[in-house]
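Going by our numbering, the sequence shown opens with residue 7, and the numbers climb by one from there. Every residue, glycine too, gets a C-beta built ideally from N, C-alpha and C. Okay, structure first, notes after.
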Amino acid sequence: MGIPQPPAWLEFLISISNVVLILLAAWILRALVRRIVRVAHERLIGRQETADDRRRMETLERVTQYIATVVVAAITVMLVLSEFGISIAPILATAGVAGLAVGFGAQSLVKDYFTGFVMLIENQIRVGDVVEVAGKAGVVEELTLRYVRLRDYEGAVHFVPNGAIATVTNRSRVFAYAVMDIGVAYKEDLDKVYGLMREVAGQLRLDADFKDKVIEDLDIAGVDQWADSAVIIRCRLKTIALEQFGVRREFLRRLKLAFDANGIEIPFPHRTVYTMPAPETHPTPMPKLAGEADE
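This is the structure:
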């Protein structure tokens, strides 16, 4: 006599139990991988000397977690399907044929992942960087193999597909320049203006709140253009990355106060209104009606 087959309900119960065990094992494996990646990240980030390297490690940690999640999920799905008696080989074969069929339609998606992988390997963007990509600018909040999530100055969030990124403008690398165009009246002594600008920049570098942000003395390029009502002087301050905006605002504020104190005119448009006297007018006599007598 052959070995009796278990009833269908028992086989189904065993399959359900196995699926539960597979899901539990997947959850444990995912938690274990997250823990391993986190511990490795904490050890490696402690060895990084610069903030740039630490931001790169943060980005690598997030992408590694993302890849690990995808791999564990894919393995879990295949095991669950096989537990219900669904052969994986035909599915993979069908997926291959379907992949060829939709390949042209999925080119943008493949491009997103490939571009994201290249940007990650080449360390072009990291979480926390201030960048401009595909016409959008902001702080990088999330970087995946498919997209970059930016938050701009107004708080709006932009999701930029990696495949749409042709050029990356990164404003967070080592140092930056606060570039300023200063306009003064044509009558002003430019040497005096230069002196005031250098004096204000020197005081800014001595300030406790800015001495660690400004790297070098003020660099005055000179007269950049003759505008309609002002002489435009271009200058710049070298700062650590991401501090150029605050340094620029504070320098301009202090320079305005210095110009006011020394009588340096900052031109602004004037409008002159001329009033002309109205021409004299004489009343036109009313025509007389027939039969009216002259008075």
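Asked                                                                                                                                                                                       : Found
Taking only runs of the alpha helix (DSSP H) that begin and end inside the segment 221 to 274, which ones reach a length of at least 4 residues, in chain order?                            : 250 to 267
Apply the 10 Å Cβ neighbour rule to asparagine 168 and answer buried if 16 or more other Cβ atoms are within range, or exposed otherwise.                                                   : buried
Using 8 Å as the Cβ pair cut-off and three pairs as the minimum, do the segment 195 to 213 and the segment 253 to 273 touch?                                                                : yes
CB threonine 65 to CB valine 133, shorter than 9 Å?                                                                                                                                         : yes
Let me know the secondary structure DSSP gives alanine 184 once reduced to three states.                                                                                                    : strand
Residue range of the alpha helix (DSSP H) that valine 199 falls in?                                                                                                                         : 196 to 212
Could you round the C-beta distance between leucine 196 and phenylalanine 265 to whole angstroms and report it? I think they count as a contact, below 8 Å.                                 : Not really, about 13 Å apart at Cβ, beyond 8 Å.
Please name the residue, chosen from Leu50, Phe18, Glu89, Ala46, that lies closest to leucine 29 on a Cα-to-Cα basis.                                                                       : Glu89
Closest to valine 42 by CA distance: which of Ala143, Leu156, Glu67, Thr82 is it?                                                                                                           : It should be noted that the sequence gives isoleucine, not valine, for residue 42. That would be Glu67, whose Cα lies nearest to the Cα of isoleucine 42.
Does the separation of the CB atoms of alanine 172 and glycine 144 fall below 9 Å?                                                                                                          : no
Would you mind sorting threonine 245 into buried or exposed? The rule is 16 or more other CB atoms within 10 Å of its CB.                                                                   : buried
Taking 9 Å as the threshold (C-beta atoms), are leucine 156 and histidine 164 in contact?                                                                                                   : yes
Report the partner residues of asparagine 176 according to the DSSP bridge assignment.                                                                                                      : Val137
Alpha carbons only, please: which of Ile92, Val136, Ala37 is nearest the one belonging to alanine 247?                                                                                      : Val136
Beta-carbon within less than 8 Å of tyrosine 153's beta-carbon, same chain only, minus the 5 sequence neighbours each way: which residues are those?                                        : Asp118, Gly122, Phe165, Val166, Pro167, Asn168
Between which two residues does the alpha helix (DSSP H) holding phenylalanine 90 run?                                                                                                      : First-last for phenylalanine 90: undefined, no H or E at that position.
Rounded to whole angstroms, what is the Cα-Cα separation between threonine 70 and glutamate 148?                                                                                            : 13 Å
In terms of residue numbering, what span does the beta strand (DSSP E) encompassing lysine 142 cover?                                                                                       : 142 to 149
So what does DSSP say about glycine 122, is it helix, strand or coil?                                                                                                                       : helix
Candidates Ile270, Val86, Met63: which alpha carbon is nearest glutamate 194's?                                                                                                             : Ile270
For methionine 7, which of helix, strand or coil comes out of DSSP?                                                                                                                         : Reliability fails at methionine 7, whose pLDDT of 47 lies under 50, so the model's placement of it is uncertain and the value that follows must be treated cautiously. Coil at methionine 7, not helix or strand.
What residue from Asp187, Ile22, Ala233, Pro285 has the CA that sits closest to leucine 224's CA?                                                                                           : Asp187
Quickly, what does DSSP pair tyrosine 153 with across the bridge? List them, please.                                                                                                        : Pro167
Which partner residues of glycine 189 appear in the DSSP bridge assignment?                                                                                                                 : Ile238
Give every residue of the same chain whose Cβ lies closer than 8 Å to the Cβ of leucine 19, excluding the five residues on either side of it in the sequence, and list them in chain order. : none
Taking the Cβ atom as the reference point for each residue, do threonine 175 and glutamate 138 lie within a distance shorter than 9 Å?                                                      : yes
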